[in-house]
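Peer 1: Would you mind keeping the following structure in view while I ask a few things?
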Amino acid sequence: MPDDRPNTDFVHGVPPIAVSSTTTMANRTGSWKYIRPIYQDKIAPCNAACPVGIDIEGVMNLLREGHLAEAQDLILRENPLPGVTGRLCERPCEGACNRVQFDEAVSIHAVERMLGDLETTPMAAPKPARAEQVAIVGSGPAGLACAWHLARLGYAVDLFESEAEAGGRLRREVPEYRLPRAVLNREINRIRALGVNLRTHTRVGVDVKWQELSAYDAVFLAGAPRRIKAIDLPGASEVHGVHTAHEFLRGGPGQPVDLLGRRVTVLGGGDAAVDAARCAVRHGGRVTIVHDGPHDSLRGHADAVKEAIREGVRFVFDAAPLAARTSDDPPDDWEGRLDPADVIQGDGYGVRARLVGVEFTRSAPGSTGAAGMTAPAGERFFQPADVLIDARPVPADLDALPSEIARVGGVLAVDAFGRTSRESWFAGGDAAGEGGTVAEALGSGKRAAIGIDRHLRARAGEEVPELDAKALRYGGTGNMSMTRWRGDDPVFRTNELNEVVTFEMLNMAHFARVEAHEDRHLDPDHRGFGWAETNLGLSTEEGLAEAARCFNCGVCNMCELCMIFCPDVAIKRQAQGFSLSYKYCKGCGVCVEECPRGAMSMTREGL
Amino acid sequence: MKKVIMGNHAVSWGVRLARAEVIAAYPITPQTQIVEELAEMCAAGSLKARFIKVESEHSAMAACIGAAAAGARAFTATSAQGLALMHEMLHWAAGGRLPVVMADVNRAMAPGWTVWTDQNDSLSQRDTGWIQLYCESNQEVLDTTIQAFKLAEAVDLPVMIVLDAFFLSHTYEPVDIPDAADVDAFLPPRKARYKLDTKEPHSFGALAPPSVYMEMRLRQQEAMAEALKAARAIDEEWGQRFGRRYGLLERYRAEDAELLLVTSGTVTSTARYVVDQLRAKGEKVGLVKARMFRPFPTEDWRAALAGVPQVAVLDRNISPGHSGIFAEEIRAALYDLPENQRPAIHGYIVGLGGRDVRPETIIDCIDRTRAAAGARKGTEREDVWVGVKS
């Protein structure tokens, strides 16, 4: 019976059951293969879509492991204003997120904002100080980004700003309830702490002559004023109640405007229009935005549009303004009702005509007009209004910039690295038509910083890498990576291929559906006419949980599924990454198939 | 303790008393109640086993193979299509010399779709290397289940216990359930000679080149020979402890018989009734019940049938294109008996797909045998289908 039998009982030269008597290492199954797997990190679609050029996937992976400080460091290596972009960016990353095809995009903006708002922790020290000095004209996001990156590369930077404080349009135009000034100030202070010399109240071309900038080793032209002029609408000049969005927004919370009960019409469909409308709400107005295009041509930030609707702003689409009508020239059917209070206050009605409304023509049929009815194209209608705010796009004014620098399409002509036609002079942001969004402006500042760094190091006789824009860009088409240029990527990567991972390359069998963490918002009923931030973002814990939803497309995060599934035990975990023994890997491809994130590839044997 | 239980639950009780450690199963009529009851026992804690729900019978057997390779006492149950789906894994269990125990509730193979009994499912697995034991009663089912574990572990071969669909599986009979302590004394915990052990790694079922493969099959064949002896000894020990013996085959009122019926499964009980009736009339008719089909107890069959003039084999199965499978096996076993000892083997195909085999059916077989007895005496005649529409 079993217990009594000897333990070693070979008969006919074999054991009683099919058990190995020696190691299977002698069986070099690797000789069978004609294709072989390799570890090959790739590019997540969010990285490639980011106009700033942030290693978003890397940030998410660090957060998944709970490394808050390292994640913040990784983001700051590419973007000095995460608190700003976490609030204002149009987030093309989320549109590109592969998770969209599974459940919902990772709420990248919320995670970025959470990191931006964290107390800054010590990060990689700037490179040793260099002798060269760089002048940056304009302290909007492009100028701030360029200053940040150059300072971290060791350059001395003078940052010129005509206004009292740095920030450019972020400070002048973005309302407090979307971007608290405390957030902006904290991020600007982080840049100044690197030694950037901020020279406010300094108009270049007036207080400092352009030729004085020639003393600098390089110049970056970031900003351009808006070409603000009288409102372009018949009957609107010299009328009480008509404003440009520029002057209206500039007032900000402190502006002594009382619109209580007033009917406000805003012209435009971009951020300025939505911002002006929501500010007018806060001043007590009843606001209608009239946009001359269809609904889907609204360019205002989707979140802000949603919030505007929640705050009671009405929208009229496909209507172009024809003329302002005033108390001197009312429409035929206008039954004039002058608010006696206005007259009593004596705020100018005696001098100037008062706005009574705007006449529009329909640019397309079928949309709902002021009367709530459909109407044919070309039909005219009258929109009663006490106040008109013109928030239609305003071009940059480049007249003040040196005229010898070549222009194209009304902005300075630049190459991929921000080089202008003038030696050592670079441009980005609004000056180069790259200020459409905060993120684009930040990206242009970074590209110019790379261009300036290479230019100055080459001039100093240093060995510098060729400027290969494609290799520096995430996925070949995204924005440039500063860590790639500096060659100091803190993320371990194996055999990186600069190719974007598609949804088809992922293995959904290893993921569960999890809803995204939604930003929390102030209840519209409790906003009153206050200026507090309406989007409350996510807590640190929620941000970490949201980051854990990231697929980590294309980048090995040591999940070990390859190792678990390998039928030949050919894969072993190393301190970083995995080793793969080709003596035993028989090329079955199970590891590549199982890899949830497309971080492995099959290659032909011998190639 | 006597309980009135169905045949399926007799299996469950046997598995519980044998203290199986891993049960992996996929439901299929008419087997399902076996593993349902075991799941209840596991849930209640009366059986301390890991119950693994799987997605197919192939996986069920794979899980049992893994468990047995790790040294556990493993059990599963199935029927018909489920058993067919396991086919590849049956070879892995037997070739890997893993003492898995399985109950197969005999169900005919589809199509046409059927849940009723015949033996083609289990007999189709004849050459996979499994020991097969066919049962007649619920008591025999319980006793054989416990014996099966001891036999499997004695010779490192898997054992299939076979019982008829519905006639046994769903039929309630009084069953004497032995005391657990007595069964523990009969069947101690399994001690695997070779098992998966991370502290002493070995691979199981790895590459066997031509230089060793044949020897491994030879050892399997020698283990089958060993199983004949072990089964006899285990049945004898069981008899001493519990007072019930079954043998590898059973002779019933076979002394001085001129005609012997050969049956298996529940047809045997009907045949006993017929034999009793005929004996009462003074007719020399007896019965041999086949219990162990693999390994085939050739010597026992020769001893039981040598010198009997007429043998009628009732096969509830068919090897299409040849004959009933028991008849075929018995003919082959008796072929080299001296001619004066060699009986005439009359094969009858009965009861396929659950068709009733009544006393009249069996008497029909006996009548046909007697009618043919005057004709040519030999082993090569074709089987007769009994009870079919003309």
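So the protein sequences, as listed, match chains Z and Y.
The numbering used here puts the first residue of the first sequence at 232, with every later residue one more than the last.
The numbering used here puts the first residue of the second sequence at 2, with every later residue one more than the last.
In this text, a Cβ means the ideal position worked out from N, Cα and C, and glycines have one as well.
Note that this is a predicted model, so its numbers are computed, not measured.
Check distances from the C-beta atoms of the region 249-283 of chain Z to those of chain Y and list, in chain order, the residues that come in under 7 Å.
Peer 2: Taking 7 Å as the Cβ-Cβ cut-off against chain Y, the residues of the region 249-283 of chain Z that qualify are Ala-249, Val-250, Ser-251, Thr-255 and Asn-258.
Peer 1: Can you have a look at Y/Tyr-173 and say buried or exposed, based on whether 16 or more other CB atoms are within 10 angstroms of its CB?
Peer 2: Exposed, since its Cβ has fewer than 16 Cβ neighbours within 10 Å.
Peer 1: Would you kindly work out how many angstroms separate the C-alpha atoms of Y/Ile-35 and Y/Asp-365, rounded to a whole number?
Peer 2: Cα to Cα, Y/Ile-35 sits roughly 35 Å from Y/Asp-365.
Peer 1: Ignoring anything shorter than 3 residues, give me the beta strand (DSSP E) runs that lie fully in the region 355-383 of chain Z, in order along the chain.
Peer 2: As far as the region 355-383 of chain Z is concerned, its whole beta strand (DSSP E) runs of at least 3 residues are 364-368.
Peer 1: Answer with buried or exposed for Y/Met-293, where buried requires no fewer than 16 other C-beta atoms within 10 angstroms of its C-beta.
Peer 2: Y/Met-293 comes out buried.
Peer 1: Between the Cα of Y/Ala-111 and those of Y/Asn-121, Y/Leu-39 and Y/Val-387, spot the shortest distance and give me the residue it belongs to.
Peer 2: The shortest Cα separation from Y/Ala-111 among Y/Asn-121, Y/Leu-39 and Y/Val-387 belongs to Y/Asn-121.
Peer 1: Rounded to a whole number of angstroms, what is the C-alpha to C-alpha distance between Z/Val-589 and Z/Val-497?
Peer 2: Looking at the two C-alpha atoms, the distance is approximately 10 Å.
Peer 1: Measuring CB atoms only, is the region 255-263 of chain Y touching the region 159-174 of chain Y, in the sense that at least three cross pairs come out at less than 8 Å?
Peer 2: Verdict: no, contact absent.
Peer 1: Given a threshold of 16 other Cβ atoms within 10 Å of its Cβ, counted over all protein chains shown, does Y/Trp-239 qualify as buried or as exposed?
Peer 2: Flag for Y/Trp-239 reads buried.
Peer 1: Applying a beta-carbon distance threshold of less than 8 Å, which residues of chain Y neighbour Z/Val-245?
Peer 2: Within 8 Å Cβ-Cβ: Val-213, Glu-216, Met-217 and Arg-220.
Peer 1: Can you give me the start and stop residues for the beta strand (DSSP E) that Y/Arg-220 sits inside?
Peer 2: Here Y/Arg-220 belongs to no beta strand (DSSP E); instead the alpha helix (DSSP H) covers 211-243.
Peer 1: Residues in the same chain with beta-carbon distance under 8 Å from Z/Asp-560, minus the five sequence neighbours each way, listed in chain order, please.
Peer 2: Correct list, in chain order: Gly-466 and Ala-584.
Peer 1: Just list the residues that DSSP pairs Z/Arg-545 with in beta bridges.
Peer 2: Answer is Z/Thr-519.
Peer 1: Where in the region 281-355 of chain Z do unbroken runs of the beta strand (DSSP E), each at least 3 residues long, occur, reported from the N-terminal end onward?
Peer 2: If we require 3 residues or more, the region 281-355 of chain Z turns out to have no beta strand (DSSP E) run fully inside it.
Peer 1: Measure the Cβ-Cβ separation of Y/Gln-278 and Y/Gly-308 and say whether it is below 8 Å.
Peer 2: In this structure, Y/Gly-308 does not lie closer than 8 Å to Y/Gln-278 by Cβ.
Peer 1: Is it true that the region 639-657 of chain Z meets the region 513-532 of chain Z, where meeting means three or more beta-carbon pairs spaced less than 8 Å apart?
Peer 2: Too few Cβ pairs lie closer than 8 Å, so no.
Peer 1: Determine the closest residue to Y/Ala-182 out of Y/Arg-194, Y/Arg-74 and Y/Phe-243, with distance taken between C-alpha atoms.
Peer 2: When each option's Cα is compared against that of Y/Ala-182, the closest is Y/Phe-243.
Peer 1: Assign Z/His-741 to one of three DSSP states: helix, strand, or coil.
Peer 2: Z/His-741 falls in the helix class under three-state DSSP.
Peer 1: Would Y/Gly-97 and Z/Ala-249 be called neighbours here (beta carbons separated by less than 8 Å)?
Peer 2: It is a contact, given that the beta carbons lie within the stated cut-off.
Peer 1: Comparing C-alpha positions only, which one of Y/Val-276, Y/Asp-368 and Y/Phe-297 sits nearest to Y/Leu-134?
Peer 2: Among Y/Val-276, Y/Asp-368 and Y/Phe-297, the Cα nearest to that of Y/Leu-134 belongs to Y/Phe-297.
Peer 1: Is Z/Val-427 near Z/Leu-452, with beta carbons less than 8 Å apart?
Peer 2: No, Cβ-Cβ distance for Z/Val-427 and Z/Leu-452 is not below 8 Å.
Peer 1: With a threshold of 16 other CB atoms inside 10 Å of the CB of Z/His-474, please say whether the residue is buried or exposed.
Peer 2: Result: buried.
Peer 1: Please state the DSSP three-state secondary structure of Y/Trp-430.
Peer 2: The structure shown does not extend to residue 430 of chain Y, since chain Y spans only 2 to 391, so no value can be given for it.
Peer 1: Could you tell me the distance, in whole angstroms, from the CA atom of Y/Glu-330 to the CA atom of Y/Arg-280?
Peer 2: Approximately 28 Å, taken between the alpha carbons.
Peer 1: Counting pairs of beta carbons, one from the region 321-333 of chain Z and one from the region 367-379 of chain Z, are three or more of them closer than 8 Å?
Peer 2: Cβ pair count under 8 Å is below three, so no.
Peer 1: Which chain Z residues are close to Y/Gly-308, counting only those with a beta carbon under 9 Å from its beta carbon?
Peer 2: Correct list: empty, because the minimum Cβ distance to chain Z is about 36 Å.
Peer 1: Which bits of chain Y does Z/Val-242 rub up against, with CB to CB less than 9 Å?
Peer 2: Under the 9 Å cutoff, chain Y gives Glu-216, Leu-219, Arg-220 and Glu-223.
Peer 1: Out of Z/Thr-351, Z/Ala-360 and Z/Val-315, which one is the CA nearest neighbour of Z/Arg-400?
Peer 2: Out of Z/Thr-351, Z/Ala-360 and Z/Val-315, Z/Val-315 has the C-alpha closest to the C-alpha of Z/Arg-400.
Peer 1: Counting only C-beta atoms, is Y/Ala-209 closer than 8 Å to chain Z at any point?
Peer 2: Cβ-Cβ to chain Z under 8 Å: yes for Y/Ala-209.
Peer 1: Kindly confirm or deny that the region 355-369 of chain Z and the region 792-802 of chain Z touch, where touching means at least three C-beta pairs closer than 8 Å.
Peer 2: Segments in contact, no.
Peer 1: Using 8 Å as the threshold, is the region 639-651 of chain Z in touch with the region 669-682 of chain Z, meaning 3 or more CB pairs across them?
Peer 2: Yes: at least three Cβ pairs fall under 8 Å.
Peer 1: For a quick check, are the C-beta atoms of Y/Gly-72 and Y/Ala-193 less than 8 Å apart?
Peer 2: Yes, Cβ-Cβ distance for Y/Gly-72 and Y/Ala-193 is below 8 Å.
Peer 1: Buried or exposed: which applies to Z/Thr-431, given that a residue is buried once 16 or more other Cβ atoms fall within 10 Å of its Cβ?
Peer 2: Z/Thr-431 should be labelled exposed.
Peer 1: The alpha helix (DSSP H) with Y/Gln-195 in it runs from where to where?
Peer 2: Looking at the sequence shown, residue 195 of chain Y is not Gln but Tyr. Taken as a continuous stretch (DSSP letters only), Y/Tyr-195 belongs to no alpha helix (DSSP H), as it is neither H nor E.
Peer 1: Counting only the same chain and skipping the five closest in sequence on each side, list residues whose C-beta sits under 7 Å from that of Z/Ala-854.
Peer 2: Any property of residue 854 of chain Z remains undetermined from this structure, which presents chain Z solely from 232 to 838.
Peer 1: Could you work out which residues of chain Z lie near Y/Ser-204, taking near to mean beta carbons separated by less than 8 Å?
Peer 2: Near Y/Ser-204 (Cβ distances below 8 Å), the residues of chain Z are Val-250, Ser-251 and Thr-255.
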